[in-house]
Amino acid sequence: MAHKLLGQDFLPHDVVAKVTGEAKYAEDFRAEGMVFARLLSSPYPHARVRSIDASEALAMPGVVGILTPDDVKNPKAPDIPLLTLEPGYVGAPILLIAAEDETTAQDAIDKVRIDYEPLPFHVDPLASMHPDHPDARTDGNVGAAGVEFQKLKWTKEDFDNANGKMPMGKAAQEWTYGDLDATFARCKLVLDETFVHASNSHHSMEPRTAMAYWQNGKCILHVSSQSQSFIHPALAGMIGIPPTDLMLVAEYCGGGFGSKGGAYPLQALPALFSKKINRPVMMRISRAEEYYNGSARLGFQGQVKLGFAEDGKLLAADLYVIQENGACQSFFDFRNAADALSILYQPEAMRWRGLPVYANSPIRSAQRGPGYNQMAHIMEPLLDKAARELKVDRLAIRLKNVGGLNAPFGAQRNTVSSCYLKDALEKGAQQFGWAERVARSGQRNGSKVTAVAVGQAYHPAGFNGFDGLLRILPTGKVHIHTGVGNLGTFSHSSTSRIAAEVLKLNWDDVVIERGDSRRHLPWNIGQFGSNTNFTMARTNYVAAMDALTKLKEIAAKRFGGTPESYDVDGKRVFRRGGGPGMTYGEAAQQAIKLGGKYDGHELPKDINPMTQVSATAISGTGLVGVAKDTLPMKGAPAAFAAAFIEIELDLETGKHVIIDYLGVADCGTVIHPAGLETQIKSGAVQGFGVASSERIVYDPQNGLPASVGFYQAKPPTYGDVAHRFRTSAVDLPDPSSPLGTKGIGEPLLGCAASVLLCALSEAVGGHAFNRTPVVPDMILNHLAGRAPSHGPLQVNCQ
Amino acid sequence: MLRDMMPRFDLYQPDSLDSALDLAERLGADGWLVGGGQDSWDWLKNRTRHTGAVIDLSGIAALKGVREADGGIEIGALTTLTEVENDPLVKERFGLLSTAAGRVASPQIRNAGTLGGNLCQDTRCWYYRGGVDCYRAGGNMCYADTPQGQNREHAIFGASRCVAVTPSDTANALTALDASMVIHSRSGERVVAAADFFVGPAVNIRRMTVIEPGEILTAVRVPGTWAGAGFYFEKIADRAAWDFALLSISAALKLEGDMVRDARLVCGAASCVPHRLTAVEKTLVGASRSDEVIAKAVSAATEGASTLQFNQYKLPLLENLVRRAIKGAGVAS
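So the protein lines, in turn, are chains H and F.
At position 137 of the first sequence the residue is numbered 132 (the numbering used here), and the sequence of numbers has no breaks.
At position 230 of the second sequence the residue is numbered 223 (the numbering used here), and the sequence of numbers has no breaks.
Here it is, written out as structure tokens:
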């Protein structure tokens, strides 16, 4: 099917706004009488606040007020508290002070005297499972979404019986399918390996600053958020008001990478403080605070046993993942990891055991490919190890294991809506020239060795059941209301083009309404989880189809005949065969005259209350298209990506250079080529950092974080990207998406990190480091025949 | 806790060296000297170190620029790293310094950062920067030099209670070039050899250079001695830009054919001061760059080294860099 807009490049309006500086982030807003708030954060990894003496601070000229834990209603533990008297990590917010200027606010913070009782702490989840080792929290040590918050310790025997493997006591959650023992018994090769995946910061360029004030009982709140409508109810709940009393502004977001997908407490604090002191409150978060209080990927320690047939087919897998939660409730990467292994490699039998453990380290949250990507980074070098031992080509072993179009996964053996990973691997291999170039892998040029590798990754790619909303105005303009948020991928616009495509509009005729709940936004998914494309394609599709139906009905009422005898094009609805018609603007006028469902005075019963409110607010202004996504869906939407790389590793320095990189996306039908290219490249850059430089480091003696600045946390720089950087896509439609599109953002990081890890391993003769990232000192120690500086399961270390 | 919030202070912006020296003398230890500010602003914003007054030297034109002097060159301390990197005289005669300056941090930082600031900057030990009460901060322990310390970047030479290293890329290049530092105060001028300018913890654990309160580093003199020698500079860091060295090496060899007539090899990020590899130099001087000589020199590079839990990789890396430096000095890349 030929599309008018899909597959075409366009210039999203926020690109211009960002380049010109017109874009306003939370920090850019001001309000009459605004004061500045600063945080007082814990210097201890775990402590109890015995007393707070802020008298000297509050007596300072210019100081306006204080917000303490007594002023806020914290959620039930172990959810993230807004403010706390038992901080569980260095940087945990304890109180805020507001002043007429920011310097005075910080000076006042420095005058606050707090009496702390230091408590036992740890920064090693595995070690903390020992019965003699302290826990991170006083009320429990294990838990996650879907896992009861509990106290769970292993026995000394669990540790004593490890025999060189990771100690593996009782898991918090597990599943199995197939006959594991019998399947391992018929394997030609069994690998049984420990692994560590480091935690790394999200490095959001815009720290999580927020500003709030109140007018007529309503809270106007400016935040840094990936999502718009999705966080609205939860954020209103944190503030203690109904969602209709919250005016939420989140038009631009300077990066979130998963950490700003949901509502978070720092967004609510200025609102609560503003209510208390009756002044607008700006709470700027500094770069260091972003590292203390921002977020990080969940780290893993684990053991994986893999059984292969002679031809490289993975027959059996036994996976145990210990997840580092941070100090509070976080994400469920440990569960996602199991799905990633099962879907990417399709083992006949598999067991997964998982244990999410709290540690005295900062809040963790989903980071681009939570769990799915860590698993790819762990598994892909091991797949290469198996290929070497079985003397199978490294591309061939992936093609041997790749799933089919409706590949099953997980314990339930659910299937995906589409999987074109095989096509991505084959297309990439052809474009990269795998057959010729792999023969060069291992060639030496002085101290440098060439290494060629292939990698892959998976992530879910969509949800369903949200609402679409648009209106056609008498001017003929079509306003598409989207509450998905703005992560910076332009998908608020690219998915709106689905509606424009259905209504056969020129893009100039479309106005995107977004970024501020006062623009009457529908209930939409947040912008996370690589889901925006698939989910929002469906909501925009159903809203457009509703508008299309109404256009035809209005025309039929005016000119006679059945609605089915009408068609649309050129901003007109007309009877097929040269009959009469009217413009969209005239139809909108008719809709207002007709009222009822046509102009939004009557709404579908199944839409979300948020959409009801928004649609009601715009009723009577034009033809309103509004609907809940109830389209059929077969299988779970899934995104895949393959990557090919050539690097040169200097064996004398441990440093590598990326000569050539090719990323290939399985994203269904390509919706926005320029956006896709940007995603493939930026995901790859982020992946290069995860693979080779980024990690959180803690001193186990005092719980202090070492990585609290860009230069310490080490995301890649302009000098660390690929010299030749190419992108490609399979461009085959997903059957469950109205126009074939689906998400892709997250596996683009995973495939890049995986392929670089594989290449580094290949460059040193196939040694699997079983650790992410692989940094130069690890390579140097290995090549010099020295033992690694870290223990095999040591985490949060250098 | 890093506060990340600039405090109030009095700002002085003298437009002449005389004015700056008056201020430096009057304010003494309370007068914080700022060149490009790339080190200073961090300290002040983080509120881990404090001052009541800042003397901003950036308006003093006389402290900027590169000029010929006594067969060598003199570089104003306020000359930016970008200017040092690209200056024709520096490039032509002392390519080692040009290359080292060009490997500092990032283009933006090199545009703001000055040569004097790069030489006088404080160590980047993350414990010390994080505001702990370590020896260097006036306390009574070193957090890095413990069995569990995270000490990957720390010293393999010259530790004395403190194991922090020099972060400066230009310091070891200038040490290799036998440069000297011109220091002014109200009492006059003193010139200190680079080898004596930087001080280790055994000499003074609270500072990195010999600069006293009231003194200002005004210029760096590079003698003509090493002009046009065979040079080699290499910096190994985790990232290609905006990173401090895990280890760096500066080499200057005077060659007659393949015979080494004189040699300077200095490594950075190995010690609190630029670490001159005198044993390597001795092996080389008077010898040809044969495999045998190079092997002997390489094995001498790590003499006296002592490693911590996470920095043992610096031993093979130093050996490799020394080998590359000897082979690469004077060879067009």
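Backbone N, C-alpha and C define an ideal beta-carbon position, used for all residues, glycine too.
Asked: Simplified DSSP assignment, three categories, for H/Asp624; Found: coil
Asked: Delimiting residues of the beta strand (DSSP E) encompassing H/Ser46; Found: 42 to 48
Asked: CB of H/Gly294 within 7 Å of CB of H/Ser194, strictly; Found: yes
Asked: Any non-hydrogen atom of the ligand GTP closer than 6 Å to F/Asn39 Cβ; Found: Among the components modelled here there is no ligand, and therefore nothing to report on the ligand GTP.
Asked: Contacts of F/Tyr136 in chain H (Cβ-Cβ under 9 Å); Found: Asp694, Gln696, Asn697, Leu699
Asked: 8 Å Cβ cut-off: residues of chain F touching H/Val30; Found: Chain F residues near H/Val30: none, gap ~15 Å exceeds 8 Å.
Asked: Nonlocal neighbours in the same chain, by C-beta distance under 6 Å from H/Ser222, ignoring five residues either side; Found: Gly256, Gly480, Gly521, Gln522
Asked: Helix, strand or coil at F/Ile242 according to DSSP, with G and I counted as helix; Found: strand
Asked: Neighbour flag for H/Pro824 against chain F, beta carbons, 7 Å; Found: Outside the shown range of chain H (-4 to 793) lies residue 824 of chain H, about which nothing can therefore be said.
Asked: Min CB distance F/Tyr121 to chain H below 7 Å; Found: no
Asked: Partners in chain F for H/Val759, counting only beta-carbon separations shorter than 7 Å; Found: Residues of chain F passing the Cβ test: none, with the nearest at roughly 14 Å.
Asked: Alpha-carbon to alpha-carbon, H/Tyr111 and H/Pro800; Found: The structure shown does not extend to residue 800 of chain H, since chain H spans only -4 to 793, so no value can be given for it.
Asked: Those runs of the alpha helix (DSSP H) which lie wholly inside the segment 727 to 782 of chain H and span at least 4 residues; Found: 742 to 758, 771 to 778
Asked: Where F/Arg316 sits in the DSSP three-state scheme; Found: helix
Asked: Three-state secondary structure (DSSP) of F/Leu4; Found: strand
Asked: The segment 44 to 63 of chain H in contact with the segment 360 to 370 of chain H per 3-pair CB rule at 8 Å; Found: no
Asked: Beta-carbon proximity check, H/Ala32 vs H/Leu91, cutoff 7 Å; Found: yes
Asked: Start-to-end residues for the alpha helix (DSSP H) that takes in F/Leu89; Found: 88 to 95
Asked: Presumed contact (8 Å Cβ cut-off) between H/Asp594 and H/Ser614, rounded CB distance; Found: 6 Å
Asked: For H/Ile75 and H/Ser37, believed in contact at Cβ under 8 Å, the rounded distance; Found: Contact doesn't hold; Cβ gap of about 14 Å is too wide.
Asked: In DSSP terms, what H/Asn409 is bridged to; Found: H/Phe404
Asked: According to DSSP, residues forming a beta bridge with H/His798; Found: There is no way to answer for residue 798 of chain H, as the model of chain H reaches only from -4 to 793.
Asked: Residue from F/Gly88, F/Thr163, F/Ala164, F/Met134 whose Cα sits closest to the Cα of F/Gly221; Found: F/Gly88
Asked: Within 7 Å of chain F by C-beta, residues of the segment 763 to 784 of chain H in sequence order; Found: Val770, Pro771, Asp772, Leu775, Asn776, Ala779, Arg781, Ser784
Asked: Those residues which DSSP pairs with H/Glu508 across a bridge; Found: H/His476
Asked: Partner residues on chain F for H/Ser688, Cβ-Cβ distance less than 7 Å; Found: Asp231, Arg232
Asked: Distance between beta carbons of H/Thr484 and H/Gln674, contact taken as under 8 Å; Found: 6 Å
Asked: F/Val192 versus H/Leu751 - alpha carbon distance; Found: 41 Å
Asked: Chain F contacts made by the segment 505 to 522 of chain H, where a contact means CB separation under 8 Å; Found: none
Asked: H/Gln145 - partner residues in DSSP beta bridges; Found: H/Val137
Asked: Supposed contact pair H/Ser413 and H/Asp729 - C-beta distance, whole angstroms, cut 8 Å; Found: 4 Å
Asked: Residues near H/Phe116 by beta carbon distance below 7 Å, same chain, minus five either side; Found: Pro40, His41, Pro129, Ala131, Asn355, Gly698
Asked: Integer-rounded CB distance, given that H/Trp170 should sit under 8 Å from H/Ala794; Found: Given that chain H is displayed from residue -4 to residue 793, the structure contains no residue 794 of chain H and the question cannot be resolved.
Asked: Sufficient close CB pairs (3 or more, under 8 Å) joining the segment 635 to 650 of chain H to the segment 738 to 746 of chain H; Found: yes
Asked: Closer than 7 Å to chain F by CB, H/Pro38; Found: yes
Asked: Range covered by the beta strand (DSSP E) that runs through H/Asp102; Found: No beta strand (DSSP E) holds H/Asp102; the alpha helix (DSSP H) holding it covers 97 to 106.
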